[in-house]
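Please read the structure below before turning to the comments.
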Amino acid sequence: MKRITRDFITLFNVLWYRDFPLTKEHKEIASRAEWTTHIGFCARTASDLLGYFMYFEHGNRTDAVMKDNAENVVANLEWEWYEPRKIEKVNEVRQLYEAKEKCQFSVFVTYSDNNFYDDNLNAVKSQWGDSAEPIVLFLVRFNRKGKRVFDTIETHHIQNGRSKKIRSQPALPWHAEGKRWEDWS
């Protein structure tokens, strides 16, 4: 894995808790728009800290594109509220796949009901195939209790037909043990 990919993964995961759109005491459920904004914030801040530029809704309506100072594409990013197992609704992996040779890595942020975790992970892996170019998958796992209740965010690196889980952390800051947001009640 290239250093730029590792660095982006680390920063995105660290930034996940920053300016989080929920609080345990006041607001435990966020709208799709709030999650879209939060993901965009994490991606843009990671890009900025790496010294790159982030462009939203760029080119062929890619959610975001990270570029260097010579306008070279470093990464294409897509995120989707629907679970990837719903292939007829979710075309983001296909979009990233079509543009994979024009960047150093691709990023897909999405969600998975824990009951369909394997289906969702396999949907991304099968669409990415044996590509030599990597895709980073941030998978926010949840349990459905009427609304989605997030529990974990996982990071997977998929390349050459293989998937490796790089990181797993609580999706909600107040579940992050030892952190300042931890719930003490």
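Per UniProt numbering, residue 1 is the first one in the sequence shown, and the count goes up by one each step.
Idealized CB from N, CA, C, for every residue including glycine.
These numbers come from a predicted model, not from an experiment.
Taking residue i as the reference, which of the options has the closest Cα?
| i | options | result |
| --- | --- | --- |
| ALA33 | GLN104, TRP81, TYR17 and HIS58 | TRP81 |
| ARG167 | ARG44, PHE105 and HIS156 | HIS156 |
| ILE142 | ASN160, ALA30 and SER112 | For the sequence presented, residue 142 should be read as Phe rather than Ile. The option with the nearest alpha carbon to PHE142 is SER112. |
| LYS102 | ASP130, LYS165 and ILE135 | ILE135 |
| LEU15 | THR45, ILE153, THR37 and THR36 | THR45 |
| SER131 | ALA43, VAL74 and SER163 | SER163 |
| ASP151 | ALA176, LEU137, GLY129 and TRP128 | ALA176 |
| ARG144 | SER126, ILE87, GLU83 and VAL107 | GLU83 |
| LYS147 | ALA30, LYS100, TRP174 and PHE56 | ALA30 |
| GLU78 | ASN72, GLY129 and LEU139 | LEU139 |
| ARG62 | PHE12, VAL109, ARG85 and GLU154 | Per the sequence presented here, residue 62 reads as Thr, with Arg not at that position. For THR62, the nearest C-alpha among the options comes from VAL109. |
| ILE4 | ARG85, ILE39 and VAL74 | VAL74 |
| SER47 | LYS2, ASP7, ILE158 and LYS165 | ASP7 |
| VAL149 | ILE158, PRO173 and ASN160 | PRO173 |
| GLU57 | LYS165, GLY40 and GLU98 | GLY40 |
| VAL107 | LYS86, ARG85 and GLU154 | GLU154 |
Any heavy atom of the ligand SAH within a distance shorter than 7 Å of the CB on residue i?
| i | result |
| --- | --- |
| PRO21 | Only the bare structure without any ligand can be found here, which leaves the ligand SAH out of the picture. |
Helix or strand or just coil, what does DSSP make of residue i?
| i | result |
| --- | --- |
| PHE20 | coil |
| ARG85 | coil |
| ARG180 | coil |
| ALA30 | coil |
| VAL14 | helix |
Per the DSSP calculation, residue i is bridged to which residue(s)?
| i | result |
| --- | --- |
| ILE158 | ILE135 and SER163 |
| SER168 | GLU154 |
| VAL149 | ASN143 |
(request) Would you list, in sequence order, the uninterrupted beta strand (DSSP E) runs of no fewer than 3 residues that lie entirely inside the segment 94–147? (result) 105–113 and 135–145
(message) Does the contact criterion of 3 or more C-beta pairs under 8 Å hold for the segment 45–57 versus the segment 94–103?
(response) no
(message) Under 8 Å, with one C-beta from each stretch per pair, do the segment 122–129 and the segment 13–20 reach the 3-pair mark?
(response) no
(request) Mind the definition here: the segment 109–119 touches the segment 65–72 only if three or more C-beta pairs lie below 8 Å; say whether that holds. (result) Flag = no, the segment 109–119 and the segment 65–72 do not touch.
(request) With a floor of 4 residues, list each alpha helix (DSSP H) that falls wholly inside the segment 39–83, ordered by position along the chain. (result) none
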